[in-house]
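Read the structure below first, then the notes.
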Amino acid sequence: MKFLLTISLRNLLRQKRRNIFLGSAMAFGVMILITANSFSHGVSDIMFNKLIVYMTGHVGITFNEGTGRRIPIFRDKERILKVIQNNIKKDEIADVDEAIGMFCRAIGNGKADNVVVVGIDMSKQVSEELEKEYMESFNVVEGSYDDLARDDIENPVLLSRQKAESLNVKRNDVIRIRFQNVYGQDMAARAVVVGLMANDNLFMQGVLFVELKNIKKMMGYRPQECGNIQIILKNPVRDAVKTADRLHEALNPGPAFIAGTVRGAAKAGVTILPFMADNDSKRIMRESFKLASGRLDDVLAKDGVMIGRRLAGLIGAYPGSKISISFKPRFADKDASFTCKVNGIFTGPPDEEEKLIYMHESLFYKYFYSNLPDIIKDKDKAYIPPDDSPFSKALGTEWVLLDRTATTDDATKKEAQIAKKKIKAMTMDVNTMYETASDVLKLEGVLNLVTLIAVLILFFIIVLGVINTLRMSIRERTREIGTIRAIGMQKRDVRSIFILETVSLTFFASICGVVLAFIVMELLSLIKFNVVDNPMGILLLNQRLHFLPTISGIIFNILFIILIAAATAYFPSRRAAAMSAADALRHYE
Amino acid sequence: MQISIKNLYKNYQLNGLEVPAIRGIDLTIKKGEFSAIAGPSGSGKTTLLNIIGGLDRPTAGEIRVGNDDLNKLNQKELSDLRLHRIGFIFQAYNLIPVLTALENVEYVLLLQGVLKEERTTRSTRILEEVGLGEYINRFPKELSGGQQQRVAVARAIVSEPEIILADEPTANLDQKTGALLLDLMHDLNHKKNITFLFSTHDQMVMEKARRLVYLTDGTSNSDTFRGHGHFKDNKIKKKSKKKSN
Ligand SMILES: Nc1ncnc2c1ncn2[C@@H]1O[C@H](COP(=O)(O)OP(=O)(O)O)[C@@H](O)[C@H]1O
Ligand SMILES: [Mg+2]
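As you go down the protein sequences, you meet chains A and B in turn. Just so we're aligned: the first sequence equals residues 58 to 646 in the numbering used here. Just so we're aligned: the second sequence equals residues 178 to 422 in the numbering used here.
Printed below as a string of structure tokens:
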């Protein structure tokens with residue numbers, strides 16, 4: 058083998074010019090391939106680990122409460138975090154964020170501008186790696202990142218130098234911001250500049266960063282509530298869909314109810330259940346409801362409740378009378394209470410007659426969400442009709458979990474359908490970057506195309522170059538082939554000699570190509586692009602092209618190239634080996 | 178080990194035409210002979226040697242080397258036959274240009290699977306034997322024609338074959354060098370009892386051969402034995418010329 062290799066190498070040197078030419082072409086192709094690959098990988102890295110991380114996360118859980126103004130709120134943050142904790146392996150998850158941001162009008166010193174205020178959670182422990190990455194992307198040059206967390210300053214804020222200029226503010230200056238909170242109320246707040254960022258990232262230049270708990274307060278979130286959740290995974294491509302599916306399963310809602318006390322002439326324990334207002338549910342109610350008094354149309358109206366006959370007797374309620382209901386919310390010391398009108402009295406099984414009040418969902422959820430009852434603790438106290446009860450299909454749940462979708466198109470369709478349904482409960486959606494950031498991900502396809510083209514170029518260089526070079530070598534060395542066959546070499550070995558020659562050439566060319574690629578990448582990343590308003594700017598990292606070569610990628614590429622070269626060399630080599638030795642010996646050039 | 182050829186024919190196809198190269202040859206070469214096949218250019222000498230060496234197959238007829246019927250051997254077995262029992266020497270030396278003299282000789286042993294150390298010692302010894310001890314590390318292009326042909330001889334004998342087929346080995350050499358080469362081969366024939374069969378149209382070679390088979394147009398029309406430098410007449414074999422078609 059060593060001897061054969063020596064022969065191959067010496068033979069390569071024999072036709073130096075030709076082989077250097079082919080080798081250079083191969084090296085060039087390898088250079089393009091490695092560069093394209095590294096670029097593609099680099100952009101993927103930006104997309105998955107930088108852009109999507111900031112934009113939508115790899116997996117998102119979004120909430121929509123209210124029918125008119127849709128409020129991104131979940132009333133029990135701890136519960137959602139627990140679901141996440143219980144359903145994603147610790148080593149798969151990199152970070153969980155609350156995505157809270159708002160559009161504002163900011164007024165600086167005599168200058169105003171539109172800004173986006175985004176919350177950063179300073180209280181949470183993140184890995185050192187991630188911390189470093191954050192610091193790098195914030196790149197605070199004046200003031201301090203840590204000051205964001207100070208509570209002796211009113212709403213500390215971090216902004217880019219560009220924004221500071223457009224607002225004419227410096228460190229320690231006050232910015233007034235005007236915005237609407239999640240409930241649609243006009244608000245104003247003051248924020249103190251604690252730091253300036255020198256930031257090349259287009260996304261971050263228009264953003265004012267404040268500590269999460271400050272922005273949540275400004276926007277009207279209570280401490281136990283949270284906004285949309287973004288989950289950042291360590292291996293998004295592998296885990297995103299799987300994780301979303303698992304979360305979706307775990308977030309299946311239970312029945313919604315309020316277990317409390319009702320007061321009329323007397324008081325009694327009661328469970329209030331919402332019935333849904335869509336046509337199917339209304340039909341069920343119409344068909345199954347047995348009214349003792351009152352009219353069915355009144356019964357399904359939004360303005361009142363239906364109360365069981367025994368319960369009505371117990372507290373002395375009648376159609377048209379007012380009752381007062383109170384219950385213990387999960388996040389308040391004081392009982393919550395409200396009054397409502399009795400629209401009808403129904404008959405049914407004793408338990409239902411004695412313990413239930415049915416309430417139109419649009420009324421129910423208002424009370425339910427604004428003072429979330431302790432569903433889990435109250436479960437034993439409450440009476441919920443068994444699953445086979447005709448009503449159970451018409452009853453509302455804690456929230457409505459939307460079906461999982463695979464693509465942006467599906468997600469858009471789903472949204473349109475949901476909008477038509479006029480769901481009164483909060484809707485919850487579990488999504489992945491494939492639905493929320495598919496426009497960005499489409500870039501991947503483009504990049505793969507670039508790599509494919511590089512592969513094709515290389516492929517043609519190899520196929521044409523190798524075939525041509527081998528043909529020439531074989532013609533020139535025909536008599537030599539006859540000679541080695543005459544001294545007893547087997548055909549197979551003759552074939553190997555030529556393949557080995559090609560493979561060695563390809564190997565050396567690949568090594569040169571890799572070295573070249575690194576030089577080219579190094580040079581290309583020296584160039585600083587100043588794209589401020591070009592969307593392609595997102596492909597840059599700190600205004601420079603981002604190449605991310607990987608050892609495995611390079612090794613794979615080299616092996617791939619060698620394989621192509623060997624396969625290409627196989628056929629001419631086999632022809633050379635199959636030549637009649639006698640004819641080969643007679644060959645004179 | 179003797180070579181026996183019976184009623185041998187070889188036709189070539191050239192542009193759709195049958196070109197007869199050998200037209201009925203019967204020949205027996207005994208072990209240890211030092212024989213020449215002579216004849217004008219195109220008479221079929223190379224073809225005959227190629228067939229004996231298993232490089233080419235006859236169109237008809239029988240060819241045996243020792244106990245082997247060459248017609249019954251496959252390509253791989255023919256390669257092995259050449260590797261272990263037959264050596265070749267060519268008019269144009271046919272050394273591998275990228276290998277040194279030593280490596281050229283070693284190459285055969287490598288194919289035989291001889292280990293490195295033995296390869297080197299044996300090759301070096303053989304090269305010394307043929308008088309090239311000082312040139313073992315030279316590449317072919319750094320050697321004269323005569324020296325190159327000596328390397329070729331060394332390459333042919335290093336595998337210790339029983340037969341050496343030499344196709345016009347002196348044709349590219351001057352008279353004196355050719356004579357020296359022939360003496361070397363004669364010496365080896367004598368010492369190692371290797372059968373030598375060469376083709377030639379060189380008068381000097383014909384004179385030095387112990388047996389001279391004369392070919393014209395693919396048939397032998399004279400076969401002369403000479404013992405110890407004396408001519409020993411033999412009957413002229415004349416075959417009826419059959420046109421094989
Ligand atoms: N491969 C071939 N194709 C066609 N004709 C051939 C081929 N090889 C040899 N011949 C013909 O066979 C005849 C014998 O050739 P050859 O054995 O080379 O003669 P010599 O060696 O005596 O000069 C010649 O007429 C030659 O042209
Ligand atoms: Mg000839």
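The beta carbon of each residue, even a glycine, is placed where N, CA and C say it ideally should be. The model shown is predicted, which means the values in this text are computed figures rather than measured ones.
Taking the Cα of leucine 276/B as reference, the smallest distance to any Cα among Leu573/A, Phe555/A, Glu537/A is reached at Glu537/A. Using a CB distance cut-off of 7 Å, serine 220/B does not count as an interface residue toward chain A. Under the Cβ criterion (8 Å, minimum of three pairs), the segment 488 to 502 of chain A counts as touching the segment 457 to 471 of chain A. Boundaries cannot be given for isoleucine 128/A, as no beta strand (DSSP E) includes it and DSSP labels it neither H nor E. Contacts with chain A at 7 Å (Cβ-Cβ) do not include asparagine 192/B. Its chain contains Lys548, Val551, Arg552 as the residues whose beta carbon lies nearer than 6 Å to that of alanine 634/A, once the 5 sequence neighbours on both sides are disregarded; these appear in chain order.
For the pair arginine 162/A and leucine 205/A, the Cα-to-Cα distance works out to about 20 Å. Runs of the alpha helix (DSSP H) lying entirely within the segment 338 to 398 of chain B and spanning at least 4 residues, in chain order: 352 to 369, 380 to 385. Excluding residues up to 5 positions away in sequence, Ile334, Ile371 lie with their Cβ nearer than 7 Å to the Cβ of leucine 365/B in the same chain. Cα atoms of isoleucine 150/A and leucine 616/A: separation of roughly 33 Å, rounded to the nearest angstrom. The chain-ordered list of residues whose CB is nearer than 5 Å to some heavy atom of ligand 1 reads Tyr189/B, Leu191/B, Val196/B, Ala198/B, Ser218/B, Gly219/B, Ser220/B, Gly221/B, Lys222/B, Thr223/B, Thr224/B. Sorting Ile89/A, Met112/A, Glu122/A by C-alpha distance to the C-alpha of alanine 476/A places Glu122/A at the top. Lys291/A is the residue among Lys291/A, Lys423/A, Val319/A, Ile519/A whose C-alpha sits nearest the C-alpha of glutamate 186/A. Counting of Cβ neighbours within 10 angstroms places glycine 86/A among the buried residues, the total reaching 16 or more. Out of Leu581/A, Ile234/A, Ala626/A, the CA that lies nearest to the CA of phenylalanine 96/A is found in Leu581/A. DSSP places alanine 574/A in the helix class (H, G or I) of the three-state scheme.
With 16 or more other Cβ atoms from the protein chains shown falling within 10 Å of its own Cβ, lysine 385/B counts as buried. Within its own chain, the residues whose Cβ lies closer than 6 Å to the Cβ of glycine 80/A, once the five positions on either side in sequence are excluded, are Leu562, Ala566, listed in chain order. For the pair valine 399/A and isoleucine 364/A, the CB atoms are nearer than the 7 Å cut-off. DSSP places valine 239/A outside both helix and strand once states are collapsed to three, so it counts as coil.
Here the C-alpha atom of leucine 265/A lies approximately 59 Å from the C-alpha atom of threonine 404/A. With a threshold of 16 other beta carbon atoms within 10 Å, methionine 192/A falls short and is exposed. Taking C-beta atoms under 8 Å as the contact rule, glutamate 199/A and glycine 252/A qualify, at a distance of about 6 Å. For lysine 253/B, the C-beta contacts it makes with chain A under 7 Å involve Gln547, in order along the chain. Along the segment 266 to 287 of chain B, the positions whose C-beta sits under 9 Å from a C-beta of chain A are Phe267, Ala269, Asn271, Leu272, Ile273, Pro274, Val275, Leu276, Glu280, Glu283, Tyr284, Val285, Leu287, read in chain order.
Within the same chain, Gln262 come within 7 Å of glutamine 219/A by CB-CB distance, once the 5 residues on both sides are set aside.
Per DSSP, valine 242/B lies in no alpha helix (DSSP H); the unbroken beta strand (DSSP E) holding it starts and ends at 237 to 242.
Between the C-alpha atoms of phenylalanine 395/A and serine 383/A there is a straight-line separation of about 7 Å. Within the segment 196 to 214 of chain B, no residue places its CB atom closer than 7 Å to a CB of chain A.
Distance between lysine 359/A and aspartate 444/A, taken at the CA atoms: about 25 Å. Between the segment 415 to 427 of chain A and the segment 301 to 309 of chain A, the count of Cβ pairs shorter than 8 Å is below three; the stretches do not touch.
The beta carbon of phenylalanine 267/B sits closer than 6 Å to the beta carbons of Asp344 from its chain, once the five residues preceding and following it are set aside; these are given in chain order. Counting only residues of its own chain and dropping the five nearest sequence neighbours on each side, leucine 350/B has a CB closer than 7 Å to the CB of Gly322, Gly323, Gln326, Leu358. Phenylalanine 565/A carries a helical assignment under DSSP once its states are collapsed to helix, strand and coil. Judged by beta-carbon spacing, alanine 269/B lies beyond the 7 Å limit of arginine 315/B, meaning their Cβ atoms are not closer than that value.
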